[in-house]
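Visitor: The structure follows.
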Amino acid sequence: MMAMKKFALLALACQSASAFAFTPRSNVASGVAKQQFGVPAVSNTFKTSQSTALALSSTGGDAVAEESAGSGLAETLKVGSYFALWYLFNIGYNIYNKQALNALDFPWTIATIQMATGILYFVPLWLLGLRKAPKLSGDDLKTLFPIALCHTGVHVGAVIALGAGAVSFAHIVKASEPVVTCATNALLMGETLPAKVYATLLPIIGGVAIASMKELSFTVLALASAMLSNVSSSLRGVLSKKTMSGKQIGENLDAQNLYAVLTAMSTLILIPMMLAIEGTGFVGAAKAVVEAGQFTSKSLSTLLLLGGATYYLYNEVAFLALGKVNPVTHAVGNTIKRVVIIVASVVAFKTPMSTGSIIGSTIAILGTLLYSLAMNSIKK
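Okay, so the sequence shown: first residue is 1 according to my numbering, each after it adds one.
Following this line, the structure appears as structure tokens:
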């Protein structure tokens, strides 16, 4: 019961932010949504006749100025809340996830539980009419299936990496995703980028290499799994571009609903894979942990539920943050987020980092920031 109350509070926090997601957005926001999920951008027309009439009245100018200042402050607070929740949920997810993996060495089962937990969030929104439910045909689902497979790889690769090594190391390797993205786009899309973009990949590669050599908790499984997540993420982006760009898929399939549909499909993909790889051993292991006194049934259930809830909600809020800032601000925010997660995990789990690992991670993370800024400069 307590677990459901905590999940409800988390969902309420995110839904309060989500209430703003259905208002008209700028072209920048739509472009970012299209880039991330392959959803066509939608231009919006605002009604201005009432505000124009007010501005032309004797006192209207002052009123509009005060209203503009007030709305500017409200917008700043709104964006600030998105970033705060994004960081909070992401830190929470990494800590809950690592705690669960430390107690139960069943990454496929835990990944499946986390993916399935999101269904408890978006299905009620659809049923209650708080969000328009998507309408998809069989052909639409076939189109989305390869993307869902990649979405599954992104999550399960990250979960295995977090279980096999330190949280900090997994995020250092995840910082190399731009390198994989460039290689994937070049091989599958024939995309070539300016030299300055490729130059930013050098500190990423060098930083990850240094961190890997000096990482005290290095394991091949953690490195390989994190790279699987990177490759899956890059392929998901390529497939989204190739199969969804300029194509109308179903109804009401905005970026948030697309993420929900991919979550549901990934859950269905993960269940048979989980059973084939780990069977039902998780149930017995969970009982053993409870009997050993490490957890109660209630606390273990709460931990698993919170891991799933924070996983889905940090992705939901990340989309809201994307839609409210320009790409440069988001790139900086994403870089700071990775640093915050690494620091929080080191503090929470008392995981030592060697000097070489700290230097390598700093170089790699700065490289990802330079890559994001370089990519943004060529799109202008």
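In this text, a Cβ means the ideal position worked out from N, Cα and C, and glycines have one as well.
Measuring CA to CA, which of I336, V261, V197, A84 is closest to K142?
Guide: By 1-based counting over the sequence shown, the position of residue 142 is 142. Cα-wise, what sits closest to K142 is V261.
Visitor: Under 8 Å, with one C-beta from each stretch per pair, do the region 282-293 and the region 76-85 reach the 3-pair mark?
Guide: no
Visitor: Which residues does DSSP list as the beta-bridge partners of K135?
Guide: The residue given as residue 135 occupies position 135 in the sequence shown. Partner(s): E251.
Visitor: Suppose the cutoff is 6 Å on Cβ atoms and the five residues either side in sequence are ignored; what does the same chain contact list for F106 look like?
Guide: The count along the sequence shown starts at 1 and reaches residue 106 at position 106. Result list for F106: E278, F282, in chain order.
Visitor: Expressed to the nearest angstrom, what Euclidean distance is found between the alpha-carbon atoms of G190 and F295?
Guide: Position 190 of the sequence shown holds residue 190. Position 295 of the sequence shown holds residue 295. Their backbone Cα atoms lie some 52 Å apart in a straight line.
Visitor: At the level of alpha carbons, what is the spacing between L369 and A226?
Guide: In the sequence shown, counting from the first residue as 1, residue 369 sits at position 369. In the sequence shown, counting from the first residue as 1, residue 226 sits at position 226. If you take the alpha carbons of L369 and A226, they lie about 19 Å apart.
Visitor: Looking at the unbroken alpha helix (DSSP H) that takes in A170, where does it start and where does it end?
Guide: Here residue 170 refers to the residue found at position 170 when the sequence shown is read from its first residue. DSSP places A170 inside the alpha helix (DSSP H), whose first and last residues are 167-174.
Visitor: Following the continuous alpha helix (DSSP H) through S233, name the residue where it begins and the one where it ends.
Guide: As a position in the sequence shown, residue 233 is number 233, starting the count at 1. That run of the alpha helix (DSSP H) goes 220-244.
Visitor: For the alpha helix (DSSP H) that Q114 lies in, which residues bound it at each end?
Guide: Locating residue 114 in the sequence shown gives position 114, counting from the first residue. Looking at the DSSP string, the run of the alpha helix (DSSP H) that includes Q114 is 107-117.
Visitor: Compare the beta carbon distance of S245 and C150 with 7 Å and say whether it is the shorter of the two.
Guide: Translated into the one-based positions of the sequence shown, residue 245 becomes position 245. Translated into the one-based positions of the sequence shown, residue 150 becomes position 150. Going by C-beta atoms, S245 is not nearer than 7 Å to C150.
Visitor: Within 10 angstroms of its Cβ, does A364 collect 16 or more other Cβ (buried), or is it exposed?
Guide: Translated into positions along the sequence shown, residue 364 becomes position 364. Buried is the call here.
Visitor: Per DSSP, what kind of secondary structure is P124 in: helix, strand or coil?
Guide: Your numbering for residue 124 matches position 124 in the sequence shown. Three-state result, P124: helix.
Visitor: Give the straight-line distance between the Cα atoms of T192 and V238, rounded to the nearest whole angstrom.
Guide: Locating residue 192 in the sequence shown gives position 192, counting from the first residue. Locating residue 238 in the sequence shown gives position 238, counting from the first residue. Taking the straight line from one Cα to the other gives about 14 Å.
Visitor: Suppose the cutoff is 7 Å on Cβ atoms and the five residues either side in sequence are ignored; what does the same chain contact list for R338 look like?
Guide: Counted from its first residue, the sequence shown places residue 338 at position 338. Cβ within range, chain order: H171, A175, I365.
Visitor: Cβ atoms of A374 and T200: under 7 Å apart, would you say?
Guide: Stepping through the sequence shown from its first residue, residue 200 is reached at position 200. Stepping through the sequence shown from its first residue, residue 374 is reached at position 374. Result yes, Cβ atoms of T200 and A374 sit closer than 7 Å.
Visitor: I'd like the list of long-range same chain contacts for M274, defined as Cβ closer than 7 Å, with 5 residues on each side in sequence excluded.
Guide: Stepping through the sequence shown from its first residue, residue 274 is reached at position 274. Closer than 7 Å at Cβ, skipping near neighbours: W108, T109, T112.
Visitor: Does the distance from the C-beta atom of T219 to that of G165 stay below 7 Å?
Guide: Within the sequence shown, numbered from 1, the residue matching residue 219 stands at position 219. Within the sequence shown, numbered from 1, the residue matching residue 165 stands at position 165. Yes, Cβ-Cβ distance for T219 and G165 is below 7 Å.
Visitor: How is G360 classed by DSSP in three states: helix, strand or coil?
Guide: Taking the sequence shown and counting its residues from 1, the one referred to as residue 360 is at position 360. Three-state DSSP puts G360 in a helix.
Visitor: To which residues of the same chain is L125 closer than 7 Å at the C-beta, ignoring the five residues directly before and after it?
Guide: In the sequence shown, residue 125 corresponds to position 125, counting from 1. Listed in chain order, the non-local C-beta contacts of L125 below 7 Å within the same chain comprise R131, local neighbours out to five positions each way being set aside.
Visitor: Which residues mark the beginning and the end of the alpha helix (DSSP H) in which M213 is found?
Guide: As a working mapping, residue 213 is identified with position 213 in the sequence shown. Secondary structure note for M213: its alpha helix (DSSP H) is the uninterrupted segment 201-214.
Visitor: Are S357 and A211 close, meaning C-beta to C-beta below 7 Å?
Guide: The residue labelled residue 357 in the question sits at position 357 within the sequence shown. The residue labelled residue 211 in the question sits at position 211 within the sequence shown. Yes, Cβ-Cβ distance for S357 and A211 is below 7 Å.
Visitor: At what residues does the alpha helix (DSSP H) containing A284 begin and finish?
Guide: Residue numbering aside, residue 284 sits at position 284 when the sequence shown is read from its first letter. According to the sequence shown, residue 284 is Gly rather than Ala. Unbroken alpha helix (DSSP H) run through G284: 281-291.
Visitor: Indicate the three-state DSSP secondary structure (helix, strand or coil) for S16 in the structure shown.
Guide: Taking the sequence shown and counting its residues from 1, one reaches residue 16 at position 16. A caution first: S16 carries a pLDDT of 45, below 50, which makes its placement in the model unreliable, though a value can still be read off. Three-state result, S16: helix.
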